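Below is one structure, written out as structure tokens; comments come after it.
2 protein chains.
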Amino acid sequence: MSELAWLAVDWGTTNVRVWAMGATDQVLDARTSADGMARLGGDRDAFARAFQELIAGWSGPRPLPAVVCGMAGGREGWQEAPYAPVGRPLDALADLAVRVEIADRGLDVRILPGVSQDDPPDVMRGEETKLLGLGPVSGLVVMPGTHPKWVRLEQGRLRRFHTAMTGEVFAAIASHTMLRHTLTGDGFDLDAFAAAILDAKAAPERLLTRAFGLRASDVLGHVEPAVARGRLSGWLTGLEIEDCLHRLDADKFVLLVGGRDQTARYRRAFAHYGITAEQHDADALTIRGLVSARSRLFPELPAAG
Amino acid sequence: MSELAWLAVDWGTTNVRVWAMGATDQVLDARTSADGMARLGGDRDAFARAFQELIAGWSGPRPLPAVVCGMAGGREGWQEAPYAPVGRPLDALADLAVRVEIADRGLDVRILPGVSQDDPPDVMRGEETKLLGLGPVSGLVVMPGTHPKWVRLEQGRLRRFHTAMTGEVFAAIASHTMLRHTLTGDGFDLDAFAAAILDAKAAPERLLTRAFGLRASDVLGHVEPAVARGRLSGWLTGLEIEDCLHRLDADKFVLLVGGRDQTARYRRAFAHYGITAEQHDADALTIRGLVSARSRLFPELPAAG
Numbered sequence: 001m002s003e004l005a006w007l008a009v010d011w012g013t014t015n016v017r018v019w020a021m022g023a024t025d026q027v028l029d030a031r032t033s034a035d036g037m038a039r040l041g042g043d044r045d046a047f048a049r050a051f052q053e054l055i056a057g058w059s060g061p062r063p064l065p066a067v068v069c070g071m072a073g074g075r076e077g078w079q080e081a082p083y084a085p086v087g088r089p090l091d092a093l094a095d096l097a098v099r100v101e102i103a104d105r106g107l108d109v110r111i112l113p114g115v116s117q118d119d120p121p122d123v124m125r126g127e128e129t130k131l132l133g134l135g136p137v138s139g140l141v142v143m144p145g146t147h148p149k150w151v152r153l154e155q156g157r158l159r160r161f162h163t164a165m166t167g168e169v170f171a172a173i174a175s176h177t178m179l180r181h182t183l184t185g186d187g188f189d190l191d192a193f194a195a196a197i198l199d200a201k202a203a204p205e206r207l208l209t210r211a212f213g214l215r216a217s218d219v220l221g222h223v224e225p226a227v228a229r230g231r232l233s234g235w236l237t238g239l240e241i242e243d244c245l246h247r248l249d250a251d252k253f254v255l256l257v258g259g260r261d262q263t264a265r266y267r268r269a270f271a272h273y274g275i276t277a278e279q280h281d282a283d284a285l286t287i288r289g290l291v292s293a294r295s296r297l298f299p300e301l302p303a304a305g
Numbered sequence: 306m307s308e309l310a311w312l313a314v315d316w317g318t319t320n321v322r323v324w325a326m327g328a329t330d331q332v333l334d335a336r337t338s339a340d341g342m343a344r345l346g347g348d349r350d351a352f353a354r355a356f357q358e359l360i361a362g363w364s365g366p367r368p369l370p371a372v373v374c375g376m377a378g379g380r381e382g383w384q385e386a387p388y389a390p391v392g393r394p395l396d397a398l399a400d401l402a403v404r405v406e407i408a409d410r411g412l413d414v415r416i417l418p419g420v421s422q423d424d425p426p427d428v429m430r431g432e433e434t435k436l437l438g439l440g441p442v443s444g445l446v447v448m449p450g451t452h453p454k455w456v457r458l459e460q461g462r463l464r465r466f467h468t469a470m471t472g473e474v475f476a477a478i479a480s481h482t483m484l485r486h487t488l489t490g491d492g493f494d495l496d497a498f499a500a501a502i503l504d505a506k507a508a509p510e511r512l513l514t515r516a517f518g519l520r521a522s523d524v525l526g527h528v529e530p531a532v533a534r535g536r537l538s539g540w541l542t543g544l545e546i547e548d549c550l551h552r553l554d555a556d557k558f559v560l561l562v563g564g565r566d567q568t569a570r571y572r573r574a575f576a577h578y579g580i581t582a583e584q585h586d587a588d589a590l591t592i593r594g595l596v597s598a599r600s601r602l603f604p605e606l607p608a609a610g
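Protein chains in written order, with our numbering: chain A, 1 to 305; chain B, 306 to 610.
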């Protein structure tokens, strides 16, 4: 790979993803490992070793630039990149990047900051780079996931955001309560999900009795696991939508960032609200955001090695 | 213990409790073991063995009557005692008790049924016996716990009830999400809890963003674990109260059944609603309920052995 010019890196909680980038910011190759923050957290040397292993065999200029977003910049990460406050233009985040102190002189690693908000207290690490990848747009951005984020953008500035624990609470209930006997497998009934969105809209406070009722229904008769999963997910996601949509001033059009299955669910939910969504692929946005940061951190790429 | 006349048994999910009872229904002795339904579930012989071990050394008449309530009557229990439908007088539940087929001719074990409700689907096993212990009263009964139950009683008839997953969802979030780093220890700030009850009353749909915000606050500064636990518990309990109180037609007076710490939290929450609560000890009610069932199942106790 003689044309390798720099490395784009998304270091998440469970995975780390690296893209080999060319001199014109084209993707040459990609690799993934499970050495996420959750596995390495707190051990800086482990981050360095994991990174070396991940890029083994790729040769480029020395020092090889690497631009990193995500949890690697957390307090328990590779090296802390303190949060930037909300309100700044996203394309200026790169100015707050931290240079990793690393023994290997062949690498020049910069970690991008996350973004924090004081009121209400909230944080993100990694999503800001996807938002940067959207360019200087205005609108309401919805990013489904373990911790879905709802973001109000104004001409490329992050004005306000809210994070919900939807995905993680679903997983905790599905695996660590008596509902595990009802929520088996990984089927997902989209109609049951859509109906549950309406339940939550009508009476969000019923979440905890609905959850028990799901188990009771299964004990008294039988509930298909895929239907049960759809319902619980809909009751939780419905809370999130009722909450975030109104706090960020509902639009009839949102930018939806994520994978196909997740975004299909949100589309279905949004239909109840008369909202249309424009879909954006999360990885593509991450790469675009890292390219934007690269152009600021390393405006002149070194000649290929 | 020459005067042992019968055994009162509460077989729960995590524990089994047995009381040695005299001929005038006085408590002579009590024992507890961790052989709850969760440990033995699905193995009928294990229930019989666990029971023999628990009462080892106690001698009484043969056959010795035993009246059991709780999960021992579940589908995965000692022997299934099908649910009775809501609406029946509680003191008639004993008529639906199931006699356990047991090899030991020295025991005569009867398991009381639980109560089920079709709309909304709900079930209880064990709480109905506490309610029976209240006598032929009317009113709104609140029973805190892993699965808190809210019950509308009318002259000793169970008219309607709702179960929330409050306690179990709290435990799942506290132990199996990233909030475990914030919710350490077992401290509990009652003021934080009370404030969170008001949060939930004002905007129940914010549960999932509040939960994430708790972690964010801790990352950005520091939140005392006891305060964090109080808040999360208050947000969940607040949902439960908003939900159940209105569905069962709020009274300004409730009967509160449970241990001291739990009921203290509910008292504090009820103060926001102008509700006063009369406290009842859960174990005392269970014994009274089992005594009531005993008088129907074994109207004449055998002479002491």
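Built from N, CA and C at the ideal position, the CB exists for glycine as well. Since this is a predicted model, take the numbers as computed values, not measurements.
Cβ-based burial, residue i [other Cβ within 10 Å; buried from 16]
i	result
B/His-452	buried
A/Ala-66	buried
A/Gln-306	With chain A covering 1 to 305 only, the question about residue 306 of chain A has no answer from this structure.
B/Gly-610	Residue placement at B/Gly-610 is flagged as unreliable, the pLDDT there being 47, under the threshold of 50; the coordinate-derived value follows with that caveat. With fewer than 16 other Cβ atoms within 10 Å, it is exposed.
B/Gln-249	The shown model of chain B, from 306 to 610, leaves out residue 249 of chain B, and the question about it has no answer.
A/His-162	buried
B/Arg-536	buried
B/Pro-604	exposed
A/Ala-84	buried
B/Ala-377	buried
A/Thr-184	exposed
B/Gly-675	This structure gives no information on residue 675 of chain B, because the portion of chain B shown stretches from 306 to 610.
B/Glu-433	buried
Top-ranked residue by Cα proximity to residue i, from the options
i	options	result
B/Pro-530	B/Lys-557, B/His-486 and B/Gly-543	B/His-486
B/Cys-549	A/Glu-205, A/Arg-267 and A/Ser-217	A/Glu-205
A/Ala-203	A/Glu-168, A/Ala-84, A/Ile-241 and A/Leu-248	A/Ile-241
B/Val-323	B/Cys-374, B/Glu-385 and B/Lys-435	B/Cys-374
A/Asp-29	A/Leu-301, A/Arg-294 and A/Ile-287	A/Ile-287
B/Phe-475	B/Arg-601, B/Ala-533 and B/Leu-309	B/Ala-533
B/Gly-444	B/Arg-462, B/Gly-450 and B/Thr-434	B/Arg-462
A/Pro-120	A/Leu-107, A/Lys-130 and A/Val-86	A/Val-86
A/Thr-330	B/Ala-479, B/Val-405 and B/Thr-568	Absent from the model: residue 330 of chain A. The displayed extent of chain A is 1 to 305, so no value can be given.
A/Val-27	A/Gly-74, A/Leu-7, A/Arg-75 and A/Arg-152	A/Leu-7
B/Thr-319	B/Leu-513, B/Met-326 and B/Ala-339	B/Ala-339
Proximity test, Cβ basis, 8 Å: residue i and chain B
i	result
A/His-147	yes
A/Met-177	This sequence places Thr at residue 177 of chain A; Met is not what is there. Chain B contact via Cβ: present.
A/Leu-40	no
A/Arg-206	yes
A/Ala-202	no
A/Leu-183	no
A/Leu-236	yes
A/Ala-172	yes
A/Arg-231	no
Test: residue i CB closer than 8 Å to a CB of chain A
i	result
B/Gly-610	Only weak support is given to the placement of B/Gly-610: the predicted model assigns it a pLDDT of 47, under 50, and the value that follows is read from those uncertain coordinates. No - not a single Cβ of chain A is within 8 Å of the one on B/Gly-610.
B/His-467	yes
B/Glu-433	no
B/Asp-496	no
B/Val-532	no
B/Pro-441	no
B/Ala-500	no
B/Met-342	no
B/Pro-604	no
B/Thr-471	yes
B/Leu-436	no
B/Val-391	no
heavy atom of the ligand NAP below 7 Å from residue i C-beta
i	result
B/Val-442	Of ligands this structure carries none, so the ligand NAP is not represented either.
Residue i at chain D interface by Cβ criterion, 8 Å
i	result
B/Thr-514	Protein chains A and B are contained in the structure displayed, whereas chain D is not.
Margin query: Could you check whether the segment 274-294 of chain A touches the segment 242-261 of chain A, counting it as contact only if at least three pairs of C-beta atoms, one from each stretch, sit closer than 8 Å?
Written below: yes
Checklist line | Proximal residues, the segment 49-80 of chain A versus chain B, C-beta separation under 7 Å | finding: none
Next item on the list: Could you tell me whether the segment 125-140 of chain A touches the segment 491-504 of chain B, where touching means 3 or more Cβ pairs closer than 8 Å?
Entry: no
Next item on the list: Specify whether the segment 373-388 of chain B and the segment 401-419 of chain B touch according to this definition: at least 3 beta carbon pairs, one from each stretch, less than 8 Å apart.
Entry: Contact between the segment 373-388 of chain B and the segment 401-419 of chain B is present, because at least three Cβ pairs lie under 8 Å.
Next item on the list: Report the residues of the segment 545-579 of chain B with a CB closer than 9 Å to any CB of chain A, ordered along the chain.
Entry: Glu-545, Ile-546, Glu-547, Asp-548, Cys-549, His-551 and Arg-552
Note to self: What are the residues in the segment 109-122 of chain A lying within 9 Å of chain B by C-beta distance?
What the structure shows: Per Cβ criterion, the list reads Ser-116, Gln-117, Asp-118, Pro-120, Pro-121 and Asp-122.
Notebook entry, point to check: Are the segment 392-402 of chain B and the segment 353-365 of chain B touching by the rule of at least three beta carbon pairs closer than 8 Å?
Noted result: Result no; under three Cβ-Cβ pairs closer than 8 Å.
Item checked: chain A contacts from the segment 517-532 of chain B (Cβ-Cβ distance under 7 Å) -> Phe-517, Gly-518, Ala-521, Ser-522, Val-524 and Leu-525
Next item on the list: Determine, using beta-carbon pairs with one atom in the segment 204-219 of chain A and one in the segment 252-262 of chain A, whether at least three such pairs fall under 8 Å.
Entry: no
Margin query: Using a Cβ-Cβ cutoff of 7 Å, what residues of the segment 585-601 of chain B are near chain A? List them in chain order.
Written below: none
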